[in-house]
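>
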Amino acid sequence: MENYMLLAPEIILALVGLTILLAGLLIGTNNKNILGYIASAGLIAALCLTISNISVNETMFYGTITIDALSQFFKIVFISVSLLVTIASIKYTEGNKNTDEFFTLLLFSTVGMMVVASANDLITLFVGFELASLSTYALAGFEKNNPKSIEAAMKYFIIGSLSSALMLFGISFVYGMTGTTSIPGIAENAGALAASPIGLIAVVMLIAGFGFKMALVPFHMWAPDTYQGAPTVVSALLAAGSKKMGFVAAFRVLVVALAVLSPTWQTAFAALAIITMTLGNVVAVSQTSIKRMLAYSSVAQAGYISMAFVVMTPMALTGGILYTLSHAFMKTGAFLVVAVVGYMVLSDNKNAKDIDHIDNFKGLAKRMPLTAFSMMVFVFALAGIPPTAGYMSKFILFSSTIESGLVWLAVIAILNSALSLYYYARIVKYMYFLPASGGKVSEPVPYAIAIILALAGVLVIGIWPEPFVYWAMEAAKVLMI
Amino acid sequence: MIPLTYYLILSSIVFSIGLYGIMSQRNGVRLLMSVELMLNSANINLVAFSSYNDDMSGQVFTLFSIALAAAEAVIGFAILLSIFRMRDMINIDDINILRW
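Residue numbers (my numbering), protein chains in the order written: chain Y, 5 to 485; chain F, 109 to 208.
1) Determine the extent of the alpha helix (DSSP H) in which Y/I31 is found, giving its start and end residues.
2) Give a yes or no on whether the minimum CB-CB distance between Y/K152 and chain F is below 7 Å.
3) Would you mind telling me which residues of chain Y sit closer than 8 Å to F/A168, beta carbon to beta carbon, in chain order?
4) Hey, quick one: how far does the beta strand (DSSP E) through Y/E62 stretch, first residue to last?
5) Run through DSSP, which three-state label would Y/A199 get?
6) Using a Cβ-Cβ distance cut-off of 7 Å, determine whether Y/M379 contacts chain B.
7) Let me confirm a value: Y/W475 is counted as buried when at least 16 other C-beta atoms fall within 10 Å, else exposed. Which label applies?
8) Residues of chain F with a CB under 7 Å from the CB of Y/Y300: which are they?
9) Using a Cβ cut-off of 7 Å, pull out every chain F residue sitting near Y/E155, in sequence order please.
10) Whole-angstrom Cβ separation of Y/S330 and Y/M396, contact assumed at under 8 Å?
11) So the candidates are Y/S186, Y/N35, Y/T70; which of them puts its Cα closest to the Cα of Y/A7?
12) Pick helix, strand or coil for Y/T317, following the three-state DSSP scheme.
13) Tell me the residue span of the beta strand (DSSP E) that contains Y/T70.
14) Pick helix, strand or coil for Y/H224, following the three-state DSSP scheme.
15) Quick check: is the beta carbon of Y/M477 nearer than 7 Å to any beta carbon in chain F?
16) In three-state DSSP terms, what is Y/D125?
17) Can you find a C-beta in chain F that's less than 7 Å from the C-beta of Y/D72?
18) Short check: CB of Y/L47 to CB of Y/V115, under 7 Å?
19) Check the DSSP bridge columns for Y/S186 and list the partner residues they point to.
20) Using CA atoms only, rank isn't needed, just tell me which of Y/Y427, Y/M372, Y/R371 is closest to Y/A387.
21) Could you tell me whether any Cβ in chain F is nearer than 7 Å to the Cβ of Y/A142?
22) Counting only Cβ pairs nearer than 7 Å, list the residues of chain F close to Y/Q232.
23) Give the range of the alpha helix (DSSP H) segment to which Y/Y426 is assigned.
24) Using CA atoms only, rank isn't needed, just tell me which of F/L140, F/I121, F/A156 is closest to F/I130.
25) Does the beta carbon of F/M194 sit closer than 7 Å to a beta carbon anywhere in chain Y?
26) Contact check, Y/E155 vs F/L206 under 8 Å by CB: the rounded distance?
27) Determine whether the Cβ of F/A178 lies closer than 7 Å to any Cβ atom of chain Y.
28) In three-state DSSP terms, what is Y/S59?
29) Do we get a CB-CB distance below 7 Å when we pair Y/G213 with the residues of chain F?
30) On the CB-based measure, 16 or more other CB atoms within 10 Å of its CB, does Y/T322 come out buried or exposed?
31) Exposed or buried, which one is Y/V81 when buried takes at least 16 other CB atoms within 10 Å?
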């Protein structure tokens, strides 16, 4: 008898998603606000259940699903991001007749990411990956009368489906050479794969497939366009949630299953990490759209996290895993701030164009002090300034890189961090030192709650990191068998 | 019995056609067809390996991936349809509001 309580978070979210879809048929557009509250309640329940099972280690359903420290850690990341996005979306979807579809897709994509996090079999992994991807394709095109949103969805769809095709092709070779789709089984039989040139093809295809999701250069082309064009709350989900799905899949497949081939993929990740962080930061400097700037900064952050694949010591993996948690809070928070500013601009002038332009941040400290302060904390956290979550995770990641002798890699990463400070500080300059172009505006309550929660996450991880570091270490231990 | 290599050569040809299609075609529907070719080349691989390894899980995987490919095509056509409603064409070269 399986212990279904361990899968309760996924089951609850799927059921809540279906309930919302059905309820949406029965209630009128004006009452659809309640659906957002139902979704938030479901996510909070799932979060509590996941936290209560944090130190479980079990495999279920003939070894296709595993519940361990790594899966629980990433599930909490996904549920937290989804919760913040859901709370903010209560305001975003107000008065929209497709509110029910929005929340259903949001919950389904969260379920997909959670399935990927606990997948112990390539079939499960692929199905979860596709569930999350398909839901987010539709979410990116949610504003179906907005040409930018549709364009974002189309670019995301084409590149995303290309990446899943590449991934499936890679998986088929892995299956062919090892004769099994189970991840521990592949780890046992990976010798045959390592001995033949097909192993190299498979690894390249898999890195390309995951790299598209993680938005590593040169697979990043879709990310800036999609993050800019998609509704801002959806960009938050993509940048903070669906990107992490690529990382957890890569941890499971490359680090656990294909550990024998590590020389191959470590070299690949070293090159990818360096060009990713450099290109992301250099291009971000010249952006005038805040969403696009955050997108490139998110590309650069993916470069830092993938350093964990190059170094591969327990401490570096801890740093990488902790970085995904802190990046989730920082990035969601920053995108939600952009969403609030967009809301403010639209309430000033209904026909405003370029609502994500940096000029709209002028004098934000006078117009919305709380939002401006939170944005300052988020961008400083992204740059890695203490006492924020970004500092803690960068410190662990970079110091472990130096300890393992890869000083050149750490130097490049630190130089990049310094460069990134330029464009982060520019936002702070716009918010605090330039004159405001309007009166004081009060933030809508759902946005304010979501931003405060993200702010709390960033500061708590930064000021009191011990439990989170310990917990990331437990997750890293799963990878180091 | 047909050697395994033949299947692998077939699948890599189909895969390359799909990849070429994605890079060269500008019509949205043709792009979707190319993606389907790439997914099906992986399916050929899975079934061939499954039959030569005497292991069923490859065929199960193929069934899953066929279902997912269908779902993917539905989402893709929905997105193309909403582009078509807005602009009366699905030539992806002309969809270029977002850049740099």
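Note that the Cβ used here is the ideal one computed from N, Cα and C, for glycine as well. In this text the structure is predicted, and so the values were computed from the model without any measurement.
Quick look at the numbers:
1) Looking at the DSSP string, Y/I31 is not in any alpha helix (DSSP H), and its letter there is neither H nor E.
2) yes
3) A small correction: the amino acid at residue 168 of chain F is Val; Ala does not occupy that position in the sequence shown. Simply I127.
4) 62-64
5) helix
6) Of the protein chains in the structure, Y and F, none is chain B.
7) buried
8) The premise fails here: Y/Y300 is roughly 10 Å from chain F at the closest Cβ pair, so nothing lies under 7 Å.
9) I203, I205, L206
10) 7 Å
11) The identity of residue 7 of chain Y in the sequence shown is Asn, whereas the question assumes Ala. Comparing Cα positions, the closest option is Y/T70.
12) coil
13) 69-71
14) coil
15) no
16) strand
17) no
18) no
19) Y/D125
20) Y/Y427
21) yes
22) L206
23) 411-437
24) F/L140
25) yes
26) 6 Å
27) no
28) coil
29) no
30) buried
31) buried
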